[in-house]
Every structure is written in C-alpha cells, then in structure tokens.
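A.B. asks: Residue numbers (the UniProt record's numbering): 1 to 164. Even glycine gets a Cβ: it sits at the ideal position worked out from N, Cα and C. Just so you know, these numbers come straight off a predicted model, no measurement behind them.
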C-alpha cells in the first residue's frame, strides 16, 4: 500500500459490532470479509487468535467489511476487537475466495481480503478478550496452525516474514 493505514486517529469500540445489517456483498452474493496478517517484524512472529466457536483452533483476525468503513478501517477494527492489537497496515496481501457453506458450488460464499499489519500495541483489554485468546507464533508454527484454512494459509504465505 502506498499510503499505509494506521489506527492513530481511529476510534475503537468497547464492544464488538454485532449483526450483518451493514455487511457488504459482491454481485454474486459473496460476503466481503477483511482481515490482517499481524506480524512483529523484529521478532519474526505472527499474532493468531483462537476461534470463537472452536477454541482449540488458531486463526487470523478477520471479520465483515461494513458499509460505513473502508476495507482498511474494517481490518483495523476487527484486529482490535478480536485480538486487542493495534498497528499499521503496510500492504494489501490479496483477495482469496472461500466457499464456506456450499463446497459443491463454484460461487464463493465469502471473499477474504487480507492486509499485512505491523503490530505496535497489545492492549490489556479488548472487546472479545473473554471469548478469545491471542498468542504469538513463529512463522513455521503459524503456517502449520493455519494449514487447515487454505485462504488464511495463502495469506500468511504472502506476508513479508516468509521472505526472511
């Protein structure tokens, strides 16, 4: 991203947004989702969060792109809500189609756009801390943990830590 996005002037919610009234969908009906690959470049680590529904499963922070935000604003908000991290989005990693509910369909049910995020702050309190854990992993550990989610794994493999 030529103009990196940071959260310096963002207002962070004390609770997570609920519902899908403001969700954005593409022309095929796929829900548009944004997320981050949160890295600590200095220590070559990745922040993962536990899934809300499968607590022993580690994932990248992500959530619905909402109509009152840019993709970048949604990605920063979701990172904060789910994992209590703040930072700077340094680049758009890419968009990854995902068929969540209908594996026999050629039409994806979701399109995930991931941004690389340089993490600058770990908050002590965040909206979903009672529902999720966050943890740092080295690149290889994160790659193994995300291998069951191809769209997340592909995003991780495109982050700058892989080249190091």
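What's the gap between the Cα of residue 3 and the Cα of residue 155?
C.D. replies: Stepping through the chain shown from its first residue, residue 3 is reached at position 3. Stepping through the chain shown from its first residue, residue 155 is reached at position 155. Unreliable placement is indicated for residue 3, whose pLDDT of 47 sits below 50; the coordinate value is still reported in the next sentence. If you take the alpha carbons of residue 3 and residue 155, they lie about 20 Å apart.
A.B. asks: Alpha carbon to alpha carbon, how far is residue 85 from residue 122?
C.D. replies: Sequence index remark: in the chain shown, residue 85 carries index 85 (1-based). Sequence index remark: in the chain shown, residue 122 carries index 122 (1-based). Computed Cα separation, rounded: 5 Å.
A.B. asks: To which residues does DSSP link residue 94 through a beta bridge?
C.D. replies: Locating residue 94 in the chain shown gives position 94, where the first residue counts as 1. The partner list for residue 94 (beta bridge, DSSP) reads 114.
A.B. asks: Cα-Cα, which of 55, 82, 75 is closest to residue 113?
C.D. replies: Within the chain shown, numbered from 1, the residue matching residue 113 stands at position 113. With distances taken between Cα atoms, residue 113 lies closest to 75.
A.B. asks: Taking 6 Å as the limit between beta carbons, can you name the residues of its chain near residue 40, skipping five residues before and five after?
C.D. replies: Mapped onto the chain shown, residue 40 falls at position 40. Around residue 40: 119.
A.B. asks: With distance defined between alpha-carbon atoms, name the residue in 81, 30, 56, 89 nearest to residue 127.
C.D. replies: Walking along the chain shown from the start, residue 127 turns up at place 127. Nearest of 81, 30, 56, 89 to residue 127, Cα basis: 81.
A.B. asks: Can you give me the Cβ contacts of residue 193 inside the same chain, cut-off strictly under 6 Å, excluding the 5 residues immediately before and after it?
C.D. replies: What is shown of the chain runs 1 to 164, which leaves residue 193 out entirely.
A.B. asks: Find the nearest neighbour of residue 99 within the set 161, 89, 149, judged by alpha-carbon distance.
C.D. replies: For the purposes of this step, residue 99 is taken as the residue at position 99 of the chain shown. For the residues 161, 89, 149, the minimum Cα distance to residue 99 belongs to 149.
A.B. asks: Contact between the stretch 52-60 and the stretch 87-99 is defined here as three or more beta-carbon pairs at a separation below 8 Å; is this criterion met?
C.D. replies: They do not touch, by the three-pair rule.
A.B. asks: Under 8 Å by Cβ, that's how I've got residue 32 and residue 65 pegged, so tell me the actual separation to the nearest angstrom.
C.D. replies: Stepping through the chain shown from its first residue, residue 32 is reached at position 32. Stepping through the chain shown from its first residue, residue 65 is reached at position 65. Going by Cβ atoms, the distance from residue 32 to residue 65 rounds to 4 Å, so yes, they are a contact pair.
A.B. asks: Under the three-state reduction of DSSP, which class applies to residue 38: helix, strand or coil?
C.D. replies: Here residue 38 refers to the residue found at position 38 of the chain shown. Three-state DSSP puts residue 38 in a strand.
A.B. asks: With H, G and I counted as helix, E and B as strand and the rest as coil, what does DSSP make of residue 57?
C.D. replies: For the purposes of this step, residue 57 is taken as residue 57 along the chain shown, with counting starting at 1. The answer is coil: DSSP assigns residue 57 none of H, G, I, E or B.
A.B. asks: One question on the structure: do residue 161 and residue 152 come within less than 7 Å of each other, judged by their Cβ atoms?
C.D. replies: Locating residue 161 in the chain shown gives position 161, counting from the first residue. Locating residue 152 in the chain shown gives position 152, counting from the first residue. Going by C-beta atoms, residue 161 is not nearer than 7 Å to residue 152.
A.B. asks: Can you tell me where the beta strand (DSSP E) holding residue 74 begins and where it ends?
C.D. replies: Locating residue 74 in the chain shown gives position 74, where the first residue counts as 1. No beta strand (DSSP E) contains residue 74, which is instead part of the alpha helix (DSSP H) from 71-83.
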